[in-house]
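This report refers to the structure that appears directly beneath it.
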Amino acid sequence: MNLSLRKVALTASCILFAGQLMAEPKRPECIAPASPGGGFDLTCKLAQSALVNEKLLTKPMRVTYMPGGVGAVAYNAVVAQRPADAGTLVAWSSGSLLNLAQGKFGRFDETNVRWLAAVGTSYGAIAVKSDSPYKTLDDLVKALKKDPSSVVIGSGGTVGSQDWMQTALIAKAAGINPRDLRYVALEGGGEIATALLGGHIQVGSTDISDSMPHIQSGDMRLLAVFADKRLDEPEMKDIPTAREQGYDIVWPVVRGFYLGPKVSDEDYAWWKDAFDKLLASEDFAKLRDQRELFPFAMTGPELDTYVKKQVADYKVLAKEFGLIQ
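Throughout the sequence shown, residue numbering follows mature numbering (1 follows the signal peptide of the UniProt record, and there is no 0), covering -23 to -1, 1 to 302 in sequence.
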């Protein structure tokens, strides 16, 4: 073989090898780190549909559920047991970052995974059954001032979780000790909705995307959404913000995905490219809107920087509430 043919053969081999490295992951899976029906489930199913619709995956990802510690079990499992599995995405939210800020994920911190993509944002919300005596946020606050233990509040996770923090901020603004509130710790938005509609709790500290199916069915009402202004969606425009009711609290709930810490740069680049294409798609924007999520698009190093800043900011907030030293 002469030199020029060798060069051609070598180039062809390199292209083939690179193509193999950048191939679609085998048996792709999205782990929702909670029970079915909540925000993590919604996030996985959004990507499941969109990646196939955009022909970025040839077949839908499996969605599996790994509840425990509002994300802690899944985080530890991926980092310790499946660190190099390029086919495994895990859903995360702002609540995951708040838990990481408090050390709730055990020996691992925010540097132990590869942050891949943020695909949308929701906002925190306070939910009640449609026949609840609480018609406004002030109604709820008056009841809590009278007797903080008289109202059973369901939240995803224990003291210090994102859902706990939402009601703690309301309590603090109203001069109530958040530690006096009566909480029931649940595993995500699906369980909160089930407990609320079943009468096991009186108030759900949740987010708007989890709640909208129940709002639209007429089973649930939202006393407040923690957005900076009323949300510009036909079915949301009548939901008051906490801010307009005198409680200056804004709590976005960003949602996205991470990969294991030892996933190769090539495989990470494949996923990043796939999500970059997805997030630029008008069809994806429609799917996101159908799932009651608002635009928030970030991938790769930009997302990594954002996550680490958010964790640092949440550590400051956690210290203010005496959750960490």
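Note that the Cβ used here is the ideal one computed from N, Cα and C, for glycine as well.
With respect to the C-alpha of Lys112, the residue from Ala201, Gly133, Glu168 having the closest C-alpha is Ala201. When secondary structure is reduced to three states using DSSP, Pro217 falls in the coil class, being assigned neither helix nor strand. Around Phe273, the same chain offers Ala95, Gly97, Thr98, Val231 as residues with beta carbons nearer than 7 angstroms, after the five sequence neighbours per side are excluded. Where Pro229 is concerned, the enclosing beta strand (DSSP E) starts and stops at 229 to 236. The DSSP assignment places complete alpha helix (DSSP H) segments of no fewer than 4 residues inside the region 95 to 141 at 114 to 123, in order along the chain.
In terms of Cβ geometry, Asp250 and Glu31 do not form a close pair [threshold 8 angstroms]. With fewer than 16 neighbouring CB atoms inside 10 Å of its own CB, Ala289 falls in the exposed class. The DSSP-derived three-state label of Leu270 is coil.
In the pairwise beta carbon analysis, the region 40 to 52 is classified as touching the region 10 to 20: at least three pairs are separated by under 8 angstroms.
Counting C-beta pairs closer than 8 angstroms gives three or more between the region 15 to 35 and the region 223 to 238, which meets the contact rule.
The three-state secondary structure of Arg84, taken from DSSP, is coil. Given a length threshold of 3 residues, the region 13 to 39 has no whole run of the beta strand (DSSP E) inside it.
Runs of the alpha helix (DSSP H) spanning 4 or more residues and lying entirely within the region 128 to 202 occur at 139 to 150, 166 to 174, 185 to 194, in chain order. The region 49 to 59 makes no contact with the region 101 to 117; the number of CB pairs closer than 8 angstroms stays below 3. Using a Cβ distance threshold of 8 angstroms, Phe203 and Gln139 do not count as a contacting pair. If the five residues before and after Gly137 are omitted, its C-beta is found closer than 8 angstroms to the C-beta atoms of Leu75, Asn76, Gln79, Lys81, Ala295, Phe298, Leu300, all from its own chain and listed in chain order. In the DSSP annotation of this structure, the continuous segment of the alpha helix (DSSP H) that includes Val50 starts and ends at 49 to 58.
In terms of Cβ geometry, Leu163 and Ala172 form a close pair [threshold 8 angstroms].
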